[in-house]
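Chemist: The opening position of the sequence shown corresponds to residue 1 in my numbering, with each subsequent residue numbered one higher. We treat Cβ as the ideally placed atom computed from N, Cα and C, and that holds for glycine. Please read through the structure below; I'll follow up with questions.
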Amino acid sequence: MECPHCQVNFHPQMGNMWIGTNGNGKQGHLFWQICLRCKEFIVCLKESDTFYQDPKTLEDSDILAFKKSQ
Ligand SMILES: [Zn+2]
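Printed below as a string of structure tokens:
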């Protein structure tokens, strides 16, 4: 995974939390980490079709928002 701030590749060790089921029946998982290099926040949303799909896989997740580096 590439940090959206400093573009350095890192092995993600993100905190994750199930946030619920949306109106289309998708399961939502929130992921977060502070980049080890630039110390900025990285936050991702992963949607999956089933609750039991491995939420630790970040494939197809979307980076939602992050603080811009100065
Ligand atoms: Zn970074």
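Where do the N-terminal and C-terminal ends of the beta strand (DSSP E) with Glu2 fall, by residue?
Modeler: Segment: none, Glu2 is in no beta strand (DSSP E) and carries neither H nor E.
Chemist: Measure the alpha-carbon distance for Gly25 versus Pro12 and round it to whole angstroms.
Modeler: 27 Å
Chemist: Check for me: the beta strand (DSSP E) holding Val8 runs from which residue to which?
Modeler: If you look at Val8, you'll find it isn't in any beta strand (DSSP E); DSSP assigns it neither H nor E.
Chemist: Comparing the CB of His5 with every heavy atom of ligand 1, is any distance shorter than 7 Å?
Modeler: His5 Cβ: within cutoff of ligand 1.
Chemist: Can we count Val8 as close to ligand 1, meaning its CB is less than 7 Å from some heavy atom?
Modeler: yes
Chemist: With distance defined between alpha-carbon atoms, name the residue in Leu36, Cys35, Phe31 and Gln27 nearest to Ser48.
Modeler: Proximity to Ser48 across Leu36, Cys35, Phe31 and Gln27 peaks at Gln27, based on C-alpha coordinates.
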